[in-house]
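Asker: Take a look at the following structure, please.
Number of protein chains: 2
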Amino acid sequence: MKKATIADVAEAAGVSTYTVSRALRGLKHVNEETRKKVLEAAKKLNYSASPTAAALATGRTNRIALLVRENLSGWFTGEITEGIYDTLFPQEYDLILYRAGNENERSEFFRRRRANQNADALIISGFGPNEEERDALAKLDMPIVSINASHAEYAHASVSIHDIAGEESAVRYLAALGHTRFAYIGRANRTYTWGDDERLLGYQNAVSELHLNNRGTFELNEESAENMRSIIAEIIAMPDPPTALCIWSDTYALKAVHELRRMGIRCPEDISVIGFDGQPAALDAGLSTVQQPAREIGAQAAQIALDLFNKKDVTENHLILPTRVIPLDTTSTCLPPTR
Amino acid sequence: MKKATIADVAEAAGVSTYTVSRALRGLKHVNEETRKKVLEAAKKLNYSASPTAAALATGRTNRIALLVRENLSGWFTGEITEGIYDTLFPQEYDLILYRAGNENERSEFFRRRRANQNADALIISGFGPNEEERDALAKLDMPIVSINASHAEYAHASVSIHDIAGEESAVRYLAALGHTRFAYIGRANRTYTWGDDERLLGYQNAVSELHLNNRGTFELNEESAENMRSIIAEIIAMPDPPTALCIWSDTYALKAVHELRRMGIRCPEDISVIGFDGQPAALDAGLSTVQQPAREIGAQAAQIALDLFNKKDVTENHLILPTRVIPLDTTSTCLPPTR
DNA sequence: CTGAAAGCGCTTACAG
DNA sequence: CTGAAAGCGCTTACAG
């Protein structure tokens, strides 16, 4: 049986397609009686409108595209996707996913402009486009909202956290617990994709402001356990080792805790460790951390994308969402050494 | 500047829209010279074809929908999404996401038929539709491929793992290491969404086949640490406690290991623990497990969905993908007790 | 190799 | 409150 069209429904109900269209979408100017007839006819014919035809007629696709870097399966992507979905679905919007993983995918996406006219707006996450890609984005003529990249001139709006302030709050929290000797483990600088390590800046700010003793800042070049092991070994071998360790991410922090314990250092009794991100798995594992509201970030980004497309006044184009220290099991008050 | 249409390009290049259409899609029957002219004109006008208009004209949306239960951010959804994307993107197909979380979202999706005519095929994961929902699915008139639900009559094809065989292989592996006293911790039966615990069946099969000593099978009602704690306490308090523990999922297994260690039981020295799933975080944590090829499952499901839509011969409508025992740090040969 | 024209299935000003 | 008709921007049999 051929799929029913709006004309079939109109015929069955004895009205015009105009009336069917309005009746089904619940618009005004349709007699209640007529509406009932239409609904019945539609149900009988198993009719549902073609979003494609509607999109062509109205000029809106009712879709938002999300472009993420590297992978679709990371915790952050998962959380923002939930948030985006939370705001999109009730407004009858769909979510379409794009990944810019390897070189090939990136250039395919940008050169072929895969998202163009395929969605009403584009949300970009974790992405540092190069010059050529920025040009391509500019030619996309759709609103672009970037996530956690506040300096993104190519975007019409952004939703981010304040990395500097977040890390400062971690240091403050630990200082309030009586810690005075600190160290920081950050990521190696990958200018192309991320820019500077702002969390390191936050650490440095707070340490100097509070007159704390910075016992060193380290950089994890590879995400290998080996590298973390040597950093931890170096830290605990210091004459006056730090009692508080601030770490760039939860993933790194979890590794650090693992290495500490394996070397017989108790955490938090001997050394407090705080991560950054608040990813669910880390919270499950009891890691103290600075949480970023990932789901909320997604939800807000989606709403802004929608507002931008609908030319609504977006009062705040560059939203900064607050981070929050979550004290769990890897931090405690600074105890006098017992070793 | 108004968005350029195919007519604009045709005019600029001095040809008909037919020629533009064929030239841009790289089809035959276009003179090389003409093609060049068209490409130039398109570039100058910053033209890219409207997927919506193309979809309406061709009757194909070039989109595949994925419907998942509960959340978009779980590891399994993440992995299959990657796999689906792997096969879709090179074939110029897009991926659109649907979540059937709470009651409201479920009924919205099914009653309003949100995916209808919005994608060429639907992939369903982790889902147990009720009767009403099955009816709705049947009326969707698009190919439906289910993931890890082989008994899904509403689906035209499925890609799954063999849970029974997978758990059997876990028992065999541990038996080969010399273990003879076993126990199993499974999930509480949630008939509606999952059906029976087939992994439990696999455990029972193998234990009886190999004449092993089943010291008990347990059920985790809540995913709370409390409940796992009492189960573990019960197990280690047995007169002849098991030396091998097979657990329904990696998530549960990780909790079990945590509880064991906290109670002073060494793992794997005192007791071997094996999970199920092979989720990345568990592998990172060194959990021995039975891995399901989640990404591959997604990739295959997407290809089948495409083939079904294109009416290609799908040789195997109900694919079973192999699981694999991954021996990591939580299992070892059965040692004589030293406690 | 190329063109003129119909058609995909909706929405929406314009009339009545 | 309802209708007839144009239009959205493509693709594609049918001719030439």
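Protein chains in written order, with my numbering: chain A, 1 to 339; chain B, 1 to 339. Where is the CB? At the ideal position from N, CA and C, for every residue including glycine. Since the structure is predicted, the reported quantities are computational estimates derived from the model, not experimental observations.
Just to confirm before moving on: does the CB-CB distance between A:G78 and B:S73 stay below 7 Å?
Answerer: Their beta carbons are under 7 Å apart, which means A:G78 touches B:S73 by this criterion.
Asker: For the beta strand (DSSP E) holding B:D94, just list the boundary residues, first then last.
Answerer: Per DSSP, B:D94 belongs to the beta strand (DSSP E) from D94 to A100.
Asker: Identify each residue in the stretch 68-79 of chain A for which the Cβ-Cβ distance to at least one residue of chain B is less than 8 Å, and report them in chain order.
Answerer: If the cut-off is 8 Å between Cβ atoms, the stretch 68-79 of chain A has N71, L72, S73, G74, W75, T77, G78 and E79 near chain B.
Asker: Cβ of B:A121 within 7 Å of Cβ of B:F276?
Answerer: For B:A121 and B:F276, no; Cβs fall outside 7 Å.
Asker: Mind checking which residues open and close the beta strand (DSSP E) that includes B:Y252?
Answerer: Where B:Y252 is concerned, there is no enclosing beta strand (DSSP E), although the alpha helix (DSSP H) it sits in stretches over D250 to R262.
Asker: So B:Q292 and B:I161 are in contact, right, with Cβ under 8 Å, and what is the actual spacing, rounded?
Answerer: Right, the Cβ-Cβ distance comes to about 5 Å (below 8 Å), so this counts as a contact.
Asker: What does B:R99 reach in chain A if we use C-beta pairs closer than 7 Å?
Answerer: Near B:R99 (Cβ distances below 7 Å), the residues of chain A are Y85.
Asker: Take A:A341 and list the residues in its own chain whose beta-carbon comes closer than 6 Å to its own, dropping the five residues that flank it on each side.
Answerer: One cannot answer for residue 341 of chain A here, as it falls past the ends of chain A, which runs 1 to 339.
Asker: Only counting runs of 3 or more residues, tell me where the beta strand (DSSP E) segments fall wholly within the stretch 115-153 of chain A, in order along the chain.
Answerer: The qualifying runs are 121-125 and 144-147.
Asker: Just to confirm, is the Cβ distance from B:P123 to B:L88 under 7 Å?
Answerer: Residue identity check: residue 123 of chain B is Ile in the sequence provided, not Pro. Their beta carbons are not under 7 Å apart, which means B:I123 does not touch B:L88 by this criterion.
Asker: With respect to 6 Å, is the separation between the Cβ of B:L335 and the closest non-hydrogen atom of the ligand GDP below this value?
Answerer: As presented, the structure is devoid of all ligands, the ligand GDP included, so that no description of it is given.
Asker: What does A:Q117 reach in chain B if we use C-beta pairs closer than 9 Å?
Answerer: Here the neighbours are K3, S48, A49, S50, P51, T52 and A53.
Asker: Mind checking if A:R113 is an interface residue toward chain B, Cβ cutoff 7 Å exclusive?
Answerer: Chain B, which has a Cβ nearer than 7 Å to the Cβ of A:R113, makes this yes.
Asker: Looking only at C-alpha atoms, which of B:Y47, B:L212, B:S230 and B:S208 sits nearest to B:F218?
Answerer: Of the listed residues, the one whose Cα sits closest to B:F218 is B:S230.
Asker: Please name the residue in A:D135, A:D329 and A:V325 whose C-alpha comes closest to that of A:S169.
Answerer: For A:S169, the nearest C-alpha among the options comes from A:V325.
Asker: If we count the other Cβ atoms within 10 Å of its Cβ and call it buried at 16 or more, is A:G83 buried or exposed?
Answerer: Looking at its Cβ environment, which holds 16 or more other Cβ atoms inside 10 Å, A:G83 is buried.
Asker: If contact means a Cβ-Cβ distance below 8 Å, which residues of the stretch 139-165 of chain B contact chain A?
Answerer: The stretch 139-165 of chain B vs chain A, Cβ under 8 Å: K139 and D141.
Asker: Which of helix, strand or coil does DSSP assign to A:E269?
Answerer: Note: A:E269 maps to coil in three-state DSSP.
Asker: In whole angstroms, what is the alpha-carbon distance linking A:A285 and A:V20?
Answerer: One C-alpha to the other measures close to 55 Å.
Asker: Following the continuous alpha helix (DSSP H) through A:E32, name the residue where it begins and the one where it ends.
Answerer: Segment E32 to K44, the alpha helix (DSSP H) holding A:E32.
Asker: Can you give me the start and stop residues for the beta strand (DSSP E) that B:G344 sits inside?
Answerer: Outside the shown range of chain B (1 to 339) lies residue 344 of chain B, about which nothing can therefore be said.
Asker: Could you tell me the boundaries of the alpha helix (DSSP H) in which B:Q300 lies?
Answerer: Run containing B:Q300: A294 to F309, per the alpha helix (DSSP H) assignment.
Asker: For the alpha helix (DSSP H) that A:R25 lies in, which residues bound it at each end?
Answerer: T17 to R25 is the extent of the alpha helix (DSSP H) around A:R25.
Asker: Based on the DSSP secondary-structure assignment, which residues constitute the bridge partners of B:L245?
Answerer: For B:L245, which the question treats as bridged, DSSP gives the partners B:A183 and B:V273.
Asker: Work out the CA separation of A:L212 and A:M384 for me, nearest whole Å.
Answerer: The question about residue 384 of chain A has no answer here: the residues shown for chain A are numbered 1 through 339.
Asker: Assuming B:L319 is part of the alpha helix (DSSP H), what are its boundary residues?
Answerer: Segment H318 to L321 is the beta strand (DSSP E) holding B:L319; no alpha helix (DSSP H) there.
Asker: Hey, how far is the Cα of B:T81 from the Cα of A:L335?
Answerer: The straight-line gap from Cα to Cα measures roughly 47 Å.
Asker: One question on the structure: do A:A55 and B:T52 come within less than 7 Å of each other, judged by their Cβ atoms?
Answerer: In contact: A:A55 and B:T52 (Cβ atoms closer than 7 Å).
Asker: Whole angstroms are fine: how far does the CA of B:E105 sit from the CA of A:T17?
Answerer: Between A:T17 and B:E105, the C-alpha separation is close to 29 Å.
Asker: Interface residues of chain A around B:T81 at Cβ under 8 Å?
Answerer: In chain order: L72, S73 and L97.
Asker: Between the beta-carbon of B:T243 and the beta-carbon of B:I274, is there less than 7 Å?
Answerer: Not in contact: B:T243 and B:I274 (Cβ atoms no closer than 7 Å).
Asker: Note down, in chain order, all residues in the stretch 289-320 of chain A with a beta-carbon under 8 Å from any beta-carbon belonging to chain B.
Answerer: So the list is empty, because no residue satisfies the distance condition.
Asker: Nearest-angstrom Cα distance between A:T333 and A:C267?
Answerer: If you take the alpha carbons of A:T333 and A:C267, they lie about 11 Å apart.
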